[in-house]
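Worksheet: the structure to be examined is printed underneath.
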Amino acid sequence: MKKLILTLAFAVGAVTAYACTNFIVTKGASTDGSVMVTYAADSHQLYGALYRYVPAKRAAATMAVHDWDSGKYLGDIAQAPVTYATVGNMNEHSVIITETTWGGLPQLEDPNGKIDYGSLIYITLQRAKTAREAIATIVELANTYGYASSGESFSIADADEAWIMELIGKGNSTNDPSRKGIVWVAYRIPDGYICAHANQARITTIKKNDPENCLYSEDVISFARKEGLFAGDDKDFSFCDTYAPADFGALRGCEARVWSFFRTFTEGMDKYIDYALGVNPQNKMPLWVKPTEKIAPKQLFDAMRDHYEGTPMDMTTDIGAGGHHLPYRWRPMYFTVDGVEYCNERATATQQTGFWLCGQARKDKVGILWFGVDDAATSALTPIYVNTTEVPWCLSEQNGTMLKYSDTSLFWITNRVAQFAYLRYDIISKKVRESVDAWENNMLKDVEVVDNAIAAAPNAKKKAKIATKYTLNRAQQLFDKWVELDKYLMVKYIDGNVKGEDANGFIDNGNGKDIPGKIEQPGYSEKWKRAVAKDNGRILEVGK
């Protein structure tokens, strides 16, 4: 999702609130040999729903393109004669495409482009069978119709390999048709390694004459020279430093999320802490790292729930966390006190997530899109087989919007639970996390059985029938569980209390009237109490 411009001024220019995070795990770095890509589609405006496109064969035709963020009509493009089925950010061939926006140099945006970054994803998924085909399709679409967005990083993967691709437009093509299209570079992530991007371009040098591992536009360097953006030798050219120079916000608000992911799975990453803090841009992190141990799907799910715990950026430890260690700060991200500007952290898990996912491309097995809505820290992923022929109603685009509440929408019930957890995060979120972990661990075991049933089915139609039934049932079960969780949390934690429980449920007082028999009132954190005493102790002190 795009960086959202704030109204505050920052020392280095416009301040931005950063959205979206991608983690990439190659098959050699995963415990089960799958290629995995995560994506948090973060936006204050995006409704959490599961998109699906039906495959088709057609005669020559055109299709309308609308900007994914705003819905604005951009123009018509030629429709492909054959398109593939897609669900979310995967297609029936287990191609995965996700993104993060980094903006880059504003003069390189083209107001005449007919295809935006979001449309590139979903149109390409309908047309590509492999990751390499997807890269070629993105390039062809952007160069043919003009690119309507700013700088973008894409994760592009299939069951064999994973790539990171970065691109940006060439400026206003109104009076200069040569500016239509993009400059770009794509690197194949070495097998056995992990990569990530979070709203900041990360690719540096171009590795020429190695099409197996590095692809790029012929003019990626010459265009920079023409624009006066670069004047050195080709070997010294850096894509990210040329087209997306990093400032404090790009490091602290974006690269820090990559650092925290790498740090979780790779030893020695603390040497880059000054880079993540935004104080030493020269101490640049590598584009990819080798994990100390192979990564399981559940570990990757949980990496998307990171709040910088255990680092200097841990937001649960300062007074801004309130009396219950809340790891969030409401927007805007920057604030000023006595003329000094400060920042709130932007962690991987964030309150304004529309939907999030982990695409799992598996050799010789049907791909799975693990899909969730709202804040990853308080929501669970449910398995969606990529050959499903239906979308669960609780995840349908037709079921609710950001302006219309729906009692049958997973997005809305998940938000209800999250909003309640934010009130006393240290207490309530633990109970929510118990439900999340139980669900996901059960589903990971569950899909092994379903995989066998799908494999044993005699044809594609019957395989899809099994996958669809399972996908629909499990999503509905998750919705039902969250409805019950919402009710349970209300009863247990209402009015600042914590009702006691035993093996039979809530404890009553023994008089048969459903009156609580054990209530605890845990109060606030020690830091919070001390802050209140310091701020207003003269009035509050007992006996004074």
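Counting from 1, position 378 in the sequence shown corresponds to residue 382 in this note's numbering; the numbering is continuous, with no gaps. Yeah, the Cβ is synthetic: ideal placement off N, Cα and C, and Gly gets one too. Keep in mind that this is a model prediction, so the values were computed, not measured.
Original post:
Are the segment 314-334 and the segment 417-436 touching, with three or more C-beta to C-beta distances below 8 Å?
Top reply: yes
Original post:
If you check the beta carbons only, do V421 and L489 fall under 8 Å apart?
Top reply: Contact annotation: V421 and L489 have beta-carbon atoms nearer than 8 Å.
Subject >> Cβ-based neighbour list, L414, same chain, cut-off 6 Å, excluding 5 preceding and 5 following >> reply: V377, C398, L399 and F483
Subject >> Contact the segment 496-503 vs the segment 287-304: 3+ CB pairs below 8 Å >> reply: No: fewer than three Cβ pairs fall under 8 Å.
Original post:
Looking only at DSSP bridge pairs, what is E505 linked to?
Top reply: F510
**OP:** Please work out which residues of its chain come closer than 7 Å, Cβ to Cβ, to N2, disregarding the five sequence neighbours upstream and downstream, and give them in chain order.
**Re:** Any property of residue 2 remains undetermined from this structure, which presents the chain solely from 5 to 548.
**OP:** Rounded to whole angstroms, what's the CA-CA distance from I101 to T87? Just pull it up for me.
**Re:** 16 Å
Original post:
Using DSSP with H/G/I as helix, E/B as strand and the rest coil, what is A18?
Top reply: Note on A18: pLDDT 33, under 50, position unreliable in the model; the coordinate value appears next. The answer is strand: DSSP assigns A18 an E or B state.
**OP:** Leaving aside the five residues before and after D120 along the sequence, list all residues of the same chain whose C-beta is less than 7 Å from its C-beta, in chain order.
**Re:** D71, W72, L78, A152 and S153
**OP:** Label N446 either buried or exposed according to how many other C-beta atoms from any shown protein chain fall within 10 Å of its C-beta, with 16 as the threshold for buried.
**Re:** Answer is exposed; the Cβ neighbour count stays below 16.
**OP:** Pick out whichever of N176, R183 and V187 has its Cα sitting closest to the Cα of I139.
**Re:** For I139, the nearest C-alpha among the options comes from V187.
Original post:
Expressed to the nearest angstrom, what Euclidean distance is found between the alpha-carbon atoms of T550 and G541?
Top reply: With the chain covering only 5 through 548, there is no way to say anything about residue 550.
Subject >> Cβ neighbours of A380 in the same chain (closer than 7 Å, five flanking residues each side left out) >> reply: A44, M308, R309, A353, T357 and W360
Subject >> Paired residues, beta bridge with A190 - DSSP >> reply: M169 and L219
Subject >> A138 - DSSP class collapsed to helix/strand/coil >> reply: DSSP places A138 in the helix class (H, G or I) of the three-state scheme.
Original post:
Are Y312 and S264 close, meaning C-beta to C-beta below 8 Å?
Top reply: Yes, these two residues count as a Cβ contact at 8 Å.
**OP:** Taking only the alpha-carbon atoms, compute the straight-line gap between A132 and W334 and give it to the nearest angstrom.
**Re:** 39 Å
**OP:** Could you check what DSSP says for M273 in three-state terms: helix, strand or coil?
**Re:** helix
Original post:
Do you know how far the Cα of A23 is from the Cα of K473?
Top reply: The alpha-carbon of K473 is positioned some 34 Å away from that of A23.
**OP:** Determine, using beta-carbon pairs with one atom in the segment 405-413 and one in the segment 45-59, whether at least three such pairs fall under 8 Å.
**Re:** yes
Subject >> N477 versus I388: straight-line alpha-carbon distance, rounded >> reply: 10 Å
Subject >> Cβ-heavy atom distance, G504 to the ligand COA, below 7 Å >> reply: By its list of ligands, the structure shown contains no ligand whatsoever, and the ligand COA lies outside what it can speak to.
Subject >> Within-8 Å CB hit, R131 to chain B >> reply: Considering every chain present, this structure includes no chain B. It has just one protein chain.
Subject >> Other residues of its chain near W416: CB distance less than 8 Å, five sequence neighbours each side excluded >> reply: G404, Y409 and S410
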